[in-house]
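K.L.:
Numbering (our numbering), first residue to last: 481 to 812.
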(Lines of atoms letter the chains of each structure in order from A and count residues from 1; the text may use other names and numbers.)
(Lines give C-alpha, C1' and ligand atoms only; values in the text may rest on other atoms or scores of the structure.)
Protein backbone atom coordinates (compact mmCIF):
# COMPACT_ATOMS: atom_id res chain seq x y z
CA UNK A 1 0.00 0.00 0.00
CA UNK A 2 1.27 3.49 -0.81
CA UNK A 3 1.99 5.82 2.09
CA UNK A 4 -0.73 8.20 0.89
CA UNK A 5 -3.37 5.50 0.64
CA UNK A 6 -2.31 4.23 4.04
CA UNK A 7 -2.66 7.76 5.38
CA UNK A 8 -6.24 7.91 4.08
CA UNK A 9 -7.11 4.70 5.90
CA UNK A 10 -5.56 5.89 9.15
CA UNK A 11 -7.42 9.18 8.91
CA UNK A 12 -10.66 7.36 8.33
CA UNK A 13 -9.98 5.07 11.26
CA UNK A 14 -9.11 7.91 13.61
CA UNK A 15 -12.21 9.84 12.62
CA UNK A 16 -14.33 6.66 12.68
CA UNK A 17 -15.32 7.38 9.10
CA UNK A 18 -15.64 4.30 6.95
CA UNK A 19 -17.61 5.41 3.89
CA UNK A 20 -15.97 3.13 1.32
CA UNK A 21 -18.81 1.98 -0.94
CA UNK A 22 -18.25 -1.12 -3.05
CA UNK A 23 -18.74 -1.14 -6.80
CA UNK A 24 -21.23 -3.61 -8.26
CA UNK A 25 -18.68 -5.17 -10.70
CA UNK A 26 -16.35 -5.97 -7.77
CA UNK A 27 -19.22 -7.66 -5.95
CA UNK A 28 -20.19 -9.63 -9.04
CA UNK A 29 -16.59 -10.70 -9.73
CA UNK A 30 -16.20 -12.14 -6.24
CA UNK A 31 -19.60 -13.62 -5.50
CA UNK A 32 -19.81 -15.58 -8.76
CA UNK A 33 -17.43 -18.07 -7.12
CA UNK A 34 -19.84 -18.82 -4.25
CA UNK A 35 -23.16 -19.09 -6.05
CA UNK A 36 -23.80 -22.68 -4.97
CA UNK A 37 -23.54 -21.67 -1.30
CA UNK A 38 -26.56 -19.36 -1.39
CA UNK A 39 -29.38 -21.76 -2.27
CA UNK A 40 -32.16 -21.68 0.36
CA UNK A 41 -30.13 -19.32 2.54
CA UNK A 42 -30.94 -16.08 4.36
CA UNK A 43 -28.41 -13.40 3.41
CA UNK A 44 -27.78 -10.45 5.71
CA UNK A 45 -26.01 -7.24 4.66
CA UNK A 46 -25.69 -5.39 7.95
CA UNK A 47 -23.42 -2.49 7.03
CA UNK A 48 -25.31 -1.12 4.05
CA UNK A 49 -27.85 1.56 3.34
CA UNK A 50 -30.30 -0.86 1.76
CA UNK A 51 -31.69 1.74 -0.67
CA UNK A 52 -28.24 2.60 -2.01
CA UNK A 53 -26.18 -0.54 -1.44
CA UNK A 54 -24.77 -2.45 -4.38
CA UNK A 55 -24.86 -5.55 -2.17
CA UNK A 56 -28.64 -5.20 -1.91
CA UNK A 57 -28.78 -4.54 -5.65
CA UNK A 58 -26.79 -7.70 -6.42
CA UNK A 59 -28.78 -10.03 -4.17
CA UNK A 60 -32.21 -8.62 -4.94
CA UNK A 61 -31.75 -8.81 -8.71
CA UNK A 62 -30.20 -12.29 -8.47
CA UNK A 63 -32.58 -13.55 -5.78
CA UNK A 64 -34.25 -16.23 -7.89
CA UNK A 65 -31.09 -17.25 -9.76
CA UNK A 66 -29.29 -17.82 -6.46
CA UNK A 67 -32.30 -19.54 -4.92
CA UNK A 68 -32.25 -17.32 -1.84
CA UNK A 69 -34.73 -17.74 0.98
CA UNK A 70 -34.61 -14.14 2.24
CA UNK A 71 -32.50 -10.98 1.99
CA UNK A 72 -32.09 -8.55 4.90
CA UNK A 73 -30.15 -5.30 4.86
CA UNK A 74 -29.62 -2.70 7.57
CA UNK A 75 -27.79 0.60 7.77
CA UNK A 76 -26.34 2.72 10.55
CA UNK A 77 -28.25 5.89 11.53
CA UNK A 78 -29.52 6.64 8.07
CA UNK A 79 -32.96 7.27 6.61
CA UNK A 80 -31.76 9.49 3.78
CA UNK A 81 -31.09 8.57 0.17
CA UNK A 82 -27.63 10.03 0.51
CA UNK A 83 -24.64 7.85 -0.32
CA UNK A 84 -22.48 9.87 2.06
CA UNK A 85 -24.81 10.18 4.98
CA UNK A 86 -23.68 12.07 8.07
CA UNK A 87 -25.37 9.33 10.13
CA UNK A 88 -27.21 11.89 12.21
CA UNK A 89 -30.58 10.13 12.30
CA UNK A 90 -31.43 8.57 15.65
CA UNK A 91 -33.24 5.68 13.99
CA UNK A 92 -32.42 3.48 11.06
CA UNK A 93 -34.33 1.10 8.82
CA UNK A 94 -33.95 -2.39 7.55
CA UNK A 95 -35.36 -4.02 4.46
CA UNK A 96 -36.55 -7.55 3.93
CA UNK A 97 -36.95 -9.03 0.49
CA UNK A 98 -38.56 -12.42 -0.09
CA UNK A 99 -38.30 -12.46 -3.87
CA UNK A 100 -40.28 -11.58 -6.95
CA UNK A 101 -44.03 -11.94 -6.37
CA UNK A 102 -45.41 -10.33 -9.55
CA UNK A 103 -43.20 -12.37 -11.90
CA UNK A 104 -41.50 -9.40 -13.58
CA UNK A 105 -38.04 -10.46 -12.33
CA UNK A 106 -37.47 -7.02 -10.80
CA UNK A 107 -37.44 -6.17 -7.06
CA UNK A 108 -40.25 -3.61 -7.00
CA UNK A 109 -40.90 -1.18 -4.16
CA UNK A 110 -44.12 -2.94 -3.14
CA UNK A 111 -42.21 -6.23 -2.79
CA UNK A 112 -39.60 -4.84 -0.40
CA UNK A 113 -40.61 -4.65 3.23
CA UNK A 114 -39.39 -1.46 4.92
CA UNK A 115 -39.08 -1.75 8.70
CA UNK A 116 -38.04 0.92 11.19
CA UNK A 117 -35.57 0.03 13.89
CA UNK A 118 -35.91 1.47 17.36
CA UNK A 119 -32.17 2.18 17.49
CA UNK A 120 -29.42 3.36 15.19
CA UNK A 121 -28.79 0.15 13.24
CA UNK A 122 -25.26 -0.40 14.55
CA UNK A 123 -24.25 -4.01 13.84
CA UNK A 124 -23.55 -4.42 17.57
CA UNK A 125 -27.04 -3.35 18.68
CA UNK A 126 -29.53 -5.86 20.06
CA UNK A 127 -31.86 -5.33 17.11
CA UNK A 128 -29.11 -5.98 14.58
CA UNK A 129 -27.96 -9.05 16.48
CA UNK A 130 -31.49 -10.46 16.41
CA UNK A 131 -31.48 -10.03 12.63
CA UNK A 132 -28.02 -11.61 12.49
CA UNK A 133 -29.37 -14.68 14.26
CA UNK A 134 -31.80 -15.21 11.36
CA UNK A 135 -29.01 -15.13 8.79
CA UNK A 136 -27.09 -17.98 7.24
CA UNK A 137 -24.54 -15.88 5.33
CA UNK A 138 -23.37 -12.31 5.92
CA UNK A 139 -22.05 -10.37 2.92
CA UNK A 140 -20.93 -6.74 3.18
CA UNK A 141 -18.11 -4.21 3.38
CA UNK A 142 -17.84 -3.57 7.13
CA UNK A 143 -16.10 -0.58 8.71
CA UNK A 144 -12.35 -1.06 8.47
CA UNK A 145 -11.94 0.65 11.84
CA UNK A 146 -14.13 -2.02 13.50
CA UNK A 147 -12.97 -5.04 11.53
CA UNK A 148 -11.66 -6.96 14.55
CA UNK A 149 -14.91 -6.54 16.42
CA UNK A 150 -17.00 -7.26 13.36
CA UNK A 151 -15.30 -10.59 12.61
CA UNK A 152 -15.39 -11.58 16.28
CA UNK A 153 -19.17 -11.18 16.23
CA UNK A 154 -19.54 -13.35 13.13
CA UNK A 155 -17.42 -16.08 14.70
CA UNK A 156 -19.29 -15.86 18.01
CA UNK A 157 -22.61 -16.41 16.24
CA UNK A 158 -21.15 -19.09 13.94
CA UNK A 159 -22.06 -17.32 10.72
CA UNK A 160 -20.78 -17.90 7.23
CA UNK A 161 -19.53 -14.74 5.59
CA UNK A 162 -17.95 -13.03 2.59
CA UNK A 163 -16.68 -9.60 3.62
CA UNK A 164 -14.14 -6.97 2.57
CA UNK A 165 -11.17 -5.99 4.72
CA UNK A 166 -7.59 -4.85 4.43
CA UNK A 167 -4.85 -7.46 4.17
CA UNK A 168 -3.22 -5.94 7.26
CA UNK A 169 -6.02 -7.62 9.21
CA UNK A 170 -4.17 -10.89 8.62
CA UNK A 171 -1.57 -9.76 11.16
CA UNK A 172 -4.06 -8.82 13.90
CA UNK A 173 -3.54 -11.01 16.93
CA UNK A 174 -7.29 -11.47 17.22
CA UNK A 175 -7.68 -12.61 13.60
CA UNK A 176 -4.54 -14.50 12.61
CA UNK A 177 -5.48 -17.55 14.73
CA UNK A 178 -8.63 -17.85 12.60
CA UNK A 179 -6.45 -17.98 9.49
CA UNK A 180 -4.09 -20.48 11.08
CA UNK A 181 -6.91 -22.75 12.23
CA UNK A 182 -8.68 -22.60 8.85
CA UNK A 183 -11.71 -20.82 10.28
CA UNK A 184 -11.24 -17.90 7.88
CA UNK A 185 -9.34 -17.49 4.62
CA UNK A 186 -8.96 -15.18 1.66
CA UNK A 187 -11.37 -15.09 -1.24
CA UNK A 188 -10.53 -14.48 -4.88
CA UNK A 189 -9.67 -10.84 -4.28
CA UNK A 190 -9.57 -7.60 -6.23
CA UNK A 191 -7.82 -7.36 -9.55
CA UNK A 192 -4.29 -6.12 -9.07
CA UNK A 193 -4.66 -6.25 -5.30
CA UNK A 194 -6.41 -2.87 -5.18
CA UNK A 195 -10.01 -1.74 -4.96
CA UNK A 196 -11.69 1.43 -6.20
CA UNK A 197 -14.38 2.47 -3.77
CA UNK A 198 -17.02 5.15 -4.19
CA UNK A 199 -16.01 7.70 -1.57
CA UNK A 200 -15.98 11.37 -0.69
CA UNK A 201 -12.39 11.18 0.59
CA UNK A 202 -9.67 12.81 -1.47
CA UNK A 203 -7.83 10.21 -3.51
CA UNK A 204 -4.13 10.84 -2.96
CA UNK A 205 -2.99 7.49 -4.34
CA UNK A 206 0.01 7.75 -6.66
CA UNK A 207 -1.02 4.84 -8.92
CA UNK A 208 -2.05 5.60 -12.48
CA UNK A 209 -5.37 3.73 -12.36
CA UNK A 210 -7.24 6.41 -10.45
CA UNK A 211 -10.96 6.89 -11.10
CA UNK A 212 -13.01 10.04 -10.69
CA UNK A 213 -15.26 10.03 -7.64
CA UNK A 214 -13.47 7.05 -6.13
CA UNK A 215 -10.63 6.33 -3.79
CA UNK A 216 -8.06 3.68 -4.71
CA UNK A 217 -7.07 1.46 -1.79
CA UNK A 218 -4.35 -1.11 -2.28
CA UNK A 219 -4.12 -4.22 -0.15
CA UNK A 220 -7.87 -4.74 0.23
CA UNK A 221 -9.18 -8.28 0.04
CA UNK A 222 -12.20 -10.47 0.50
CA UNK A 223 -12.29 -12.60 3.66
CA UNK A 224 -14.55 -15.62 3.91
CA UNK A 225 -15.23 -18.98 5.50
CA UNK A 226 -17.09 -20.31 2.46
CA UNK A 227 -15.11 -22.86 0.51
CA UNK A 228 -14.08 -22.07 -3.07
CA UNK A 229 -12.06 -23.70 -5.84
CA UNK A 230 -9.05 -21.41 -5.65
CA UNK A 231 -8.36 -22.60 -2.11
CA UNK A 232 -7.66 -26.11 -3.41
CA UNK A 233 -5.30 -25.20 -6.24
CA UNK A 234 -1.70 -26.28 -5.72
CA UNK A 235 1.00 -23.65 -5.79
CA UNK A 236 3.50 -24.83 -8.42
CA UNK A 237 6.99 -25.04 -6.88
CA UNK A 238 10.06 -25.14 -9.09
CA UNK A 239 13.11 -23.83 -7.20
CA UNK A 240 15.40 -26.23 -5.32
CA UNK A 241 16.56 -25.28 -1.84
CA UNK A 242 20.10 -23.95 -1.34
CA UNK A 243 21.45 -22.36 1.87
CA UNK A 244 22.73 -19.42 -0.18
CA UNK A 245 19.33 -18.57 -1.66
CA UNK A 246 17.37 -19.23 1.53
CA UNK A 247 19.27 -18.08 4.63
CA UNK A 248 17.98 -18.95 8.07
CA UNK A 249 16.68 -16.33 10.45
CA UNK A 250 18.93 -15.20 13.27
CA UNK A 251 16.16 -15.86 15.78
CA UNK A 252 14.06 -18.68 14.31
CA UNK A 253 14.79 -22.18 13.03
CA UNK A 254 13.26 -21.34 9.68
CA UNK A 255 14.46 -20.19 6.29
CA UNK A 256 13.53 -16.86 4.74
CA UNK A 257 11.62 -16.80 1.44
CA UNK A 258 11.25 -13.37 -0.12
CA UNK A 259 8.64 -14.22 -2.75
CA UNK A 260 5.76 -16.68 -2.67
CA UNK A 261 6.61 -17.99 -6.14
CA UNK A 262 10.12 -18.84 -4.91
CA UNK A 263 9.07 -21.22 -2.12
CA UNK A 264 11.51 -24.14 -2.52
CA UNK A 265 10.05 -27.40 -3.75
CA UNK A 266 12.20 -29.66 -1.57
CA UNK A 267 12.57 -27.98 1.85
CA UNK A 268 10.80 -29.97 4.61
CA UNK A 269 11.21 -27.53 7.50
CA UNK A 270 9.71 -24.22 8.59
CA UNK A 271 9.76 -21.34 6.10
CA UNK A 272 8.96 -17.67 6.53
CA UNK A 273 7.00 -16.34 3.55
CA UNK A 274 5.35 -12.96 2.77
CA UNK A 275 1.78 -12.51 4.03
CA UNK A 276 0.71 -12.31 0.38
CA UNK A 277 1.28 -16.09 0.36
CA UNK A 278 -2.17 -16.44 1.89
CA UNK A 279 -3.68 -15.49 -1.45
CA UNK A 280 -2.19 -18.76 -2.79
CA UNK A 281 -2.64 -20.86 0.34
CA UNK A 282 -3.91 -24.40 -0.15
CA UNK A 283 -4.43 -26.11 3.24
CA UNK A 284 -3.92 -29.49 1.59
CA UNK A 285 -0.44 -28.47 0.43
CA UNK A 286 0.84 -26.32 3.32
CA UNK A 287 0.46 -26.05 7.07
CA UNK A 288 0.47 -22.60 8.66
CA UNK A 289 2.69 -22.68 11.73
CA UNK A 290 2.52 -19.06 12.87
CA UNK A 291 3.25 -15.42 12.18
CA UNK A 292 6.22 -13.23 12.99
CA UNK A 293 5.34 -10.41 15.37
CA UNK A 294 6.53 -6.81 15.38
CA UNK A 295 6.98 -6.72 19.13
CA UNK A 296 6.74 -9.20 21.96
CA UNK A 297 6.49 -12.97 21.73
CA UNK A 298 3.15 -14.72 21.76
CA UNK A 299 3.49 -18.48 21.25
CA UNK A 300 -0.08 -18.74 19.94
CA UNK A 301 0.70 -16.25 17.19
CA UNK A 302 4.36 -16.92 16.34
CA UNK A 303 3.94 -20.68 16.49
CA UNK A 304 7.64 -21.64 16.42
CA UNK A 305 10.24 -21.23 19.18
CA UNK A 306 13.03 -18.67 19.37
CA UNK A 307 16.67 -19.42 18.79
CA UNK A 308 19.36 -16.92 19.60
CA UNK A 309 18.12 -13.42 20.41
CA UNK A 310 14.60 -13.07 21.74
CA UNK A 311 13.10 -10.75 19.19
CA UNK A 312 9.80 -11.67 17.55
CA UNK A 313 10.58 -9.85 14.31
CA UNK A 314 12.04 -11.93 11.44
CA UNK A 315 15.76 -11.09 11.38
CA UNK A 316 18.19 -12.22 8.68
CA UNK A 317 21.90 -11.45 9.08
CA UNK A 318 21.09 -8.69 11.54
CA UNK A 319 18.49 -7.05 9.31
CA UNK A 320 14.74 -7.10 9.97
CA UNK A 321 12.57 -8.47 7.18
CA UNK A 322 8.92 -7.66 6.53
CA UNK A 323 6.23 -9.62 8.36
CA UNK A 324 6.36 -13.32 7.58
CA UNK A 325 3.94 -16.22 7.81
CA UNK A 326 5.65 -19.39 8.97
CA UNK A 327 4.61 -22.43 6.93
CA UNK A 328 5.59 -26.01 6.26
CA UNK A 329 5.10 -28.16 3.17
CA UNK A 330 2.78 -31.00 4.17
CA UNK A 331 3.96 -33.22 1.34
CA UNK A 332 7.61 -33.47 2.34
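Built from N, CA and C at the ideal position, the CB exists for glycine as well.
Could you check the C-alpha separation between residue 696 and residue 676 for me, to the nearest Å?
P.N.:
Between residue 696 and residue 676, the C-alpha separation is close to 5 Å.
K.L.:
Buried or exposed: which applies to residue 729, given that a residue is buried once 16 or more other Cβ atoms fall within 10 Å of its Cβ?
P.N.:
That one is buried.
K.L.:
Excluding the five sequence neighbours on either side, which residues of its own chain have a C-beta within less than 7 Å of the C-beta of residue 549, listed in chain order?
P.N.:
Excluding positions up to five away in sequence, the list reads 520, 521 and 522.
K.L.:
Based on the DSSP secondary-structure assignment, which residues constitute the bridge partners of residue 554?
P.N.:
Answer is 574, bridged to residue 554.
K.L.:
Grouping DSSP H, G and I as helix and E and B as strand, with all else coil, what is residue 625?
P.N.:
DSSP places residue 625 in helix when its eight states are reduced to three.
K.L.:
So the beta strand (DSSP E) residue 771 belongs to, where does it begin and stop?
P.N.:
From DSSP, the beta strand (DSSP E) with residue 771 extends over 766 to 771.
K.L.:
Where does the unbroken alpha helix (DSSP H) through residue 540 begin, and where does it stop?
P.N.:
Segment 534 to 541, the alpha helix (DSSP H) holding residue 540.
K.L.:
Across the stretch 717 to 725 and the stretch 657 to 668, are there enough close Cβ pairs to call them in contact, namely three or more that are closer than 8 Å?
P.N.:
Flag = no, the stretch 717 to 725 and the stretch 657 to 668 do not touch.
K.L.:
Using alpha carbons as the reference points, say which of 780, 788, 790 and 708 lies closest to residue 763.
P.N.:
Per the Cα distances, 708.
K.L.:
With a threshold of 8 Å, are at least 3 pairs of Cβ atoms found where one atom belongs to the stretch 648 to 661 and the other to the stretch 758 to 772?
P.N.:
They touch, by the three-pair rule.
K.L.:
Please classify residue 729: does DSSP put it in a helix, a strand, or coil?
P.N.:
Of the three classes helix, strand and coil, the one that applies to residue 729 here is coil, per DSSP.
K.L.:
Tell me the DSSP secondary structure of residue 809 in three-state form.
P.N.:
Note: residue 809 maps to strand in three-state DSSP.
K.L.:
Write down every uninterrupted run of the beta strand (DSSP E) in the stretch 695 to 769 whose length is 3 residues or greater and which is fully enclosed by it, in chain order.
P.N.:
You should have 700 to 704 and 751 to 754.
K.L.:
By the 10 Å Cβ neighbour count, where 16 or more other Cβ atoms means buried, how is residue 504 classified, buried or exposed?
P.N.:
Exposed: under 16 other Cβ atoms inside 10 Å.
K.L.:
Who pairs with residue 421 in a beta bridge, going by DSSP?
P.N.:
Because the chain is modelled from 481 through 812, residue 421 falls outside the range shown and cannot be assessed.
K.L.:
In whole angstroms, what separates the C-alpha of residue 589 from that of residue 576?
P.N.:
Straight-line Cα distance between these residues: approximately 11 Å.
K.L.:
Determine the direct distance from the alpha carbon of residue 611 to that of residue 543, and round the result to whole angstroms.
P.N.:
Distance between the alpha carbons of residue 543 and residue 611 is about 19 Å.
K.L.:
Going by the CB atoms, is the gap between residue 706 and residue 640 shorter than 8 Å?
P.N.:
For residue 640 and residue 706, yes; Cβs fall inside 8 Å.
K.L.:
Can you tell me whether residue 510 is buried or exposed? The criterion is at least 16 other CB atoms within 10 Å of its CB, across all chains shown.
P.N.:
Result: buried.
K.L.:
State the DSSP-derived secondary structure class of residue 652, mapped to helix, strand or coil.
P.N.:
Of the three classes helix, strand and coil, the one that applies to residue 652 here is coil, per DSSP.
K.L.:
Is the beta carbon of residue 578 less than 8 Å from the beta carbon of residue 647?
P.N.:
No; because the gap between Cβ atoms is not below 8 Å, this pair is not in contact.
K.L.:
CA-CA distance, residue 606 and residue 626?
P.N.:
One C-alpha to the other measures close to 17 Å.
K.L.:
Any idea what DSSP makes of residue 436, helix, strand or coil?
P.N.:
This structure does not reach residue 436, given that the chain is present from 481 up to 812, and the question cannot be answered.
K.L.:
Using CA atoms only, rank isn't needed, just tell me which of 749, 671, 517 and 650 is closest to residue 804.
P.N.:
Out of 749, 671, 517 and 650, 650 has the C-alpha closest to the C-alpha of residue 804.
K.L.:
Which one of 747, 619, 786 and 694 has the shortest CA to CA distance from residue 704?
P.N.:
For residue 704, the nearest C-alpha among the options comes from 619.
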